Amino acid sequence: MSQPSGPFFENMPADLLQELQRTGSLRTFAPGETLFYEEDRADQLLAIVEGRVRVWRTSPRGAAMTVHLLGPGDLPGAAAVFGGMAYPATATAITDVRTLGWSIERAENMLQENAWLASSVLKIIAHRNEEMLQRLHEVSTQPVEQRVARTLLRVAPEPANFTPATRQELAELSATTLHTVSRIISRWEADGLVDAGRRRIRIADRSGLAQRADPVCG
Numbered sequence: 002m003s004q005p006s007g008p009f010f011e012n013m014p015a016d017l018l019q020e021l022q023r024t025g026s027l028r029t030f031a032p033g034e035t036l037f038y039e040e041d042r043a044d045q046l047l048a049i050v051e052g053r054v055r056v057w058r059t060s061p062r063g064a065a066m067t068v069h070l071l072g073p074g075d076l077p078g079a080a081a082v083f084g085g086m087a088y089p090a091t092a093t094a095i096t097d098v099r100t101l102g103w104s105i106e107r108a109e110n111m112l113q114e115n116a117w118l119a120s121s122v123l124k125i126i127a128h129r130n131e132e133m134l135q136r137l138h139e140v141s142t143q144p145v146e147q148r149v150a151r152t153l154l155r156v157a158p159e160p161a162n163f164t165p166a167t168r169q170e171l172a173e174l175s176a177t178t179l180h181t182v183s184r185i186i187s188r189w190e191a192d193g194l195v196d197a198g199r200r201r202i203r204i205a206d207r208s209g210l211a212q213r214a215d216p217v218c219g
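Following the numbering used here from start to finish, the sequence shown increments by one per residue and tops out at 219.
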């Protein structure tokens with residue numbers, strides 16, 4: 002396996018990485034395949050090694066709503082695993098995905114035995130919670146174009162400046178409509194800020210988009 006990247010694996014000691022690779026179960030998922038389902042028992046800790054994953058849940062009206070778009074080094078469902086809860090959402094592969102997985106018992110033992118690993122997992126869970134709080138604040142206080150810009154900056158991080166998200170997923174993450182996002186993206190393309198396809202959006206001018214995300218500072 003090539004050197005994994007992303008938050009969970011960042012600066013991980015080499016001996017710990019080797020141990021995780023030795024004890025973890027490697028799985029692959031094709032686009033559209035499900036890693037786990039909403040309300041299933043959280044029975045394993047998963048780490049994304051390669052690829053992109055959409056985390057979504059069903060609204061009271063039965064519509065699918067995107068909650069997160071995750072990539073390498075993310076831990077989908079980790080809070081449910083260690084909280085002894087069912088998965089609160091469904092995780093589906095957007096691209097070809099590879100994961101490493103450990104049973105709950107093995108994952109809990111690893112965290113008890115290794116303070117570095119425990120700290121890394123807690124930081125990832127805390128970051129995800131902070132992101133949700135930030136998004137709630139944005140929905141209640143910011144105009145829609147600013148929300149969409151901030152969302153795109155989050156899901157298309159440097160250095161790639163790219164996300165396989167659709168306009169619909171970007172709309173769900175920004176708490177707006179597909180029509181509104183399509184209109185904004187078209188305007189941004191004309192301004193040279195982004196380059197968008199059917200299932201991809203690339204940030205062409207990150208500093209310019211950052212000004213749309215925070216016009217006061219810009």
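Glycine is no exception: its CB is placed at the ideal position from the N, C-alpha and C atoms. Keep in mind the model is a prediction, meaning the values are calculated, not measured.
Between which residues of its own chain and residue i is the CB-CB distance below 7 Å, once the five residues before and five after are set aside?
i       : result
Leu-21  : Leu-101
Ala-65  : Trp-57 and Thr-59
Ala-214 : Gln-147, Ala-150, Arg-151 and Leu-154
On the three-state DSSP scale, how would you describe residue i?
i       : result
Thr-181 : helix
Ile-95  : coil
Asp-16  : helix
Met-111 : helix
Gly-84  : helix
Gln-212 : helix
Ala-197 : strand
Arg-28  : strand
Ala-119 : helix
Leu-70  : strand
Just tell me which of the options has its CA closest to the CA of residue i.
i      : options                              : result
Val-98 : Asp-196, Leu-123, Gly-52 and Arg-151 : Gly-52
Asp-44 : Leu-210, Phe-83, Glu-146 and Ala-65  : Phe-83
Leu-76 : Arg-55, Gln-113, Ala-64 and Gly-209  : Arg-55
Gly-33 : Ile-204, Thr-91 and Pro-5            : Thr-91
Give a yes or no on whether the C-beta atoms belonging to residue i and residue j are separated by under 9 Å.
i       : j       : result
Ala-79  : Glu-39  : no
Ile-202 : Leu-153 : yes
Gly-63  : Phe-10  : no
Ala-157 : Thr-167 : no
Arg-151 : Glu-139 : yes
Leu-134 : Val-149 : no
Arg-107 : Asn-162 : no
Among residues of its own chain, excluding the 5 on either side of residue i, which ones have a beta-carbon nearer than 6 Å to its beta-carbon?
i       : result
Ile-126 : Ala-79 and Ala-80
Ala-119 : Leu-112
Beta-carbon within less than 8 Å of residue i's beta-carbon, same chain only, minus the 5 sequence neighbours each way: which residues are those?
i     : result
Gly-1 : No information on residue 1 is available, as it lies outside the stretch 2 to 219 that the chain covers here.
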